[in-house]
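Counting from 4, one number per residue, gives the positions in the sequence shown under this note's numbering.
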Amino acid sequence: MSEQDTHLIWVLADDRAGNINQAIGVAEALAQPFKRVDIGYTNLARLPNLIRGASLIGVDEASRSRLSAPWPDLVIAAGRRTAPVARWIKKQSRRHTRICQIMRPDSSENDFDLIAVPAHDQMAIRDNVLEIPGAPHRVTETRLLIEADNWRAHFKGLPGPRFALIIGGSSKKTAFTATMAEDLIARAIDAARAVDGSLLVTTSRRTGRENEELIARRLAESGVSYHLHDWMSDAENPYFGYLALADVLIVTGDSVSMCCEAAAAPGGVYIYAPEGSASTRHRRLHQALYDGQYAKPLLDMTELVPFKHPSLHPARMVAQRCLELLSAPVS
């Protein structure tokens, strides 16, 4: 790549891991160097974006010191709180900087060169809005090949087919109950036992300690071969190894990121989303994944078998539009 083909690109990375992964996923899909700019907030970041405007209101002093010329050709940001910062950078650059905002900016939509929103967010379509079939992520074919090579020896003793169980948990609006945990682990154990397979199981910080203990007990009593990763463990996280090497992936429906990352992996994807465990917005995503044949609803299945599906890569769609922006004259 020549210097003429390379642009100065910033990724605004705030304190939300999901936002960071989406923005970096798009930057990586551009296949150009980029600079990560970490953004920290004060309590004023809670103000509506209509009040914050194109400003650094709500941005802490350490972050302000990182925001200086030369201004980038492109800013990639995700989430409501980064939107005023992106607009401020564009203002400082005298509109030279193009802005790619992932998810709704919540005000002044015309100031953004590109707003990339998942279809399940149901944002009104306009010239600068790109509707994508899920959240951008960092799971690529190359990464899966690398992770498969890294983890294959760890799982060598586990018979196939392998069923990965990726468990989220409760959120502000939904609950992952003990009854759900019991039902989910029972389904996974039954599926593996029916074909003499094995389980790869990981919990998360939202699963809840009681549910984690219940899941660990059921696995220990099951007689099925398994690998269990507790999110609090100091052991290396096998999450991407699970994505790469599982024949079947069972994912709880409370996380947009987990569902979309699973849909980029080769194994057949089943989403577990009983009543009360997922928001209306998340259910729209699930239906979009079912309609696109990326996944199937676990609750509708009497048996879980591997199946082929398209590979979901929304970040590439966003990156393509970013490249088009960079090649167009500044208006």
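For each residue, glycine too, the CB sits at the ideal point set by N, CA and C.
The criterion of a C-beta distance shorter than 7 Å is satisfied by G43 and S66. In the three-state DSSP reduction, Y242 falls in the helix class (H, G or I). Distance check between A247 and each of M320, V272, A189 places V272 closest, using alpha-carbon atoms only.
L53 counts as exposed, since fewer than 16 other beta carbons sit within 10 angstroms of its beta carbon.
If you draw a straight line from the Cα of V78 to the Cα of R84, it is about 14 Å long. Taken atom to atom, the span from the alpha-carbon of I169 to that of D76 is near 38 Å. The bridge partners DSSP lists for K38 are W13. In the three-state reduction of the DSSP assignment, L307 falls in the coil class. Comparing alpha-carbon positions, the option among P136, H99, D114, Y293 lying closest to A318 turns out to be P136. Excluding its 5 nearest sequence neighbours in each direction, M304 has C-beta neighbours in its own chain below 7 Å: Y273, listed in chain order. Secondary structure at V132: strand, using DSSP grouped into helix, strand and coil. In the three-state scheme derived from DSSP, where H, G and I count as helix and E and B as strand, L315 is classed as coil.
Note on geometry: alpha-carbon atoms of K311 and A191 lie some 19 Å from one another.
Distance from the CA atom of L302 to the CA atom of M183, rounded to whole angstroms, is 12 Å. Collapsing the DSSP output to three states places Y273 in a strand. For the beta strand (DSSP E) assignment, the uninterrupted runs of no fewer than 3 residues enclosed by the segment 163-226 are, from N- to C-terminal side, 165-169, 201-205. Membership of I253 in the beta strand (DSSP E) is indicated by the continuous run 251-255. In this structure, the alpha-carbon of H99 lies about 15 Å from that of L326. Following the DSSP letters along the chain, one finds P121 inside the beta strand (DSSP E) bounded by residues 117-121.
In the three-state scheme derived from DSSP, where H, G and I count as helix and E and B as strand, S110 is classed as coil.
Residue environment analysis places P139 among the buried positions, since at least 16 neighbouring C-beta atoms fall within 10 angstroms of its C-beta. Counted as a single uninterrupted DSSP element, the alpha helix (DSSP H) harbouring H289 occupies residues 283-294. T206 and G171 have their C-alpha atoms roughly 6 Å apart. Around the beta-carbon of R90, 16 or more other beta-carbon atoms lie within 10 Å, marking it buried. Non-local beta-carbon contacts of R196 in its own chain, meaning distances under 8 Å to residues more than five positions away in sequence, involve S225, G226, V227 in chain order.
In this structure, the straight-line span from the alpha carbon of C263 to that of R141 is close to 10 Å.
A contact is defined here as three or more CB-CB pairs under 8 Å, and the segment 282-298 fails this definition with respect to the segment 228-237. In terms of CA proximity to A238, W154 leads the group G295, W154, H123, E134. In the DSSP assignment, R90 falls within the alpha helix (DSSP H) that extends over 86-95. Between L15 and A122, the CB-CB gap reaches or exceeds 7 Å.
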